Amino acid sequence: MTGIDNHSMYAIAPSIFAKEPYHDVSDRYRFIPTIDVVNALRKEGWLPTSVQQSQTRQEEKVGFTKHLIRFRSESAQFCSDDSLPEIILMNSHDRGSSFTLMAGIFRLVCTNGMVIQNADFGKVRIRHSGSDMMHEILESVFMLSEQTPKMAEAIDQFRAITLSPDEQGIYAASAAEMRWGLDPETKKVKAPFPSQHLLTCRRHDDQGNDLWRVHNRVQENLMKGGL
């Protein structure tokens, strides 16, 4: 595995290569180029596999907005049959985001970029004001990488739980409520379609009644829509 190169990253997320912060940050703002962090992680065996950058209506902010990078270890081992652990890095250079690192899971079966956010896996925010931010960032990566066994354990626990049709319906309804909220008058979910549609299976590998597969179906349908 070689990871995504700098040329490809720049084409998608130029903010990663900013050489200075956006002009209106305060004097206390501590600037570290995201690409310096990327290169430091590369040296430690964590390779960038994909990048994203948020859009902005202000043209002058294009090179400073929030961006996200996903890293995978050169020695990454599958957490389960179809999942690999990753480190997710989010940052911006316009005060829109602190350095944020979290543990994630990448499902090869659907490449939908599922991210598991759980306190047991770890999520770290580093403000742009520390005296040794690079050290903090690298220490956080090492801490999160040690959580891989917990990710694998969580997936195994999900797979060991079978949901009845009624339980699946409750799970989908709860997810829809979290996504769209309740109508204050009718107290019903403001979803654009019945929550049961979130259980729709888009591919053979996601068929099944265990919590892991139900969760993945609901999560992907929330992201992609079109139901």
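Using the numbering used here, the letters of the sequence shown map in sequence onto residues 125 to 351. No residue lacks a Cβ here, since even glycine has one placed at the ideal position from N, Cα and C. Note that this is a predicted model, so its numbers are computed, not measured.
Within its own chain, no residue has a Cβ closer than 6 Å to the Cβ of Phe266 once the five positions on either side in sequence are excluded. The closest CA to that of Lys185, considering only His217, Asp280 and Pro308, is found on His217. For Ala227, the closest of Ser207, Gly332 and Gly220 by C-alpha to C-alpha distance is Ser207.
Between Asn340 and Asp330, the gap from beta carbon to beta carbon is short of 8 Å.
DSSP links Asp334 through a beta bridge to Thr286.
One Cα belongs to Ile136, the other to Gln177, and the distance between them is close to 7 Å. A contact is defined here as three or more CB-CB pairs under 8 Å, and the segment 285–299 meets this definition with respect to the segment 311–329. Under the three-state reduction of DSSP output, Glu210 falls in the strand class.
In the structure shown, the three-state DSSP call for Ala227 is strand.
Gln292 is classed as buried because its beta carbon has at least 16 other beta carbons within 10 Å across all chains shown. Between Arg194 and Glu168, the gap from beta carbon to beta carbon reaches 8 Å or more. Closest in C-alpha terms to Asp129, from the list Asp160, Val313, Pro157 and Pro172, comes Pro172.
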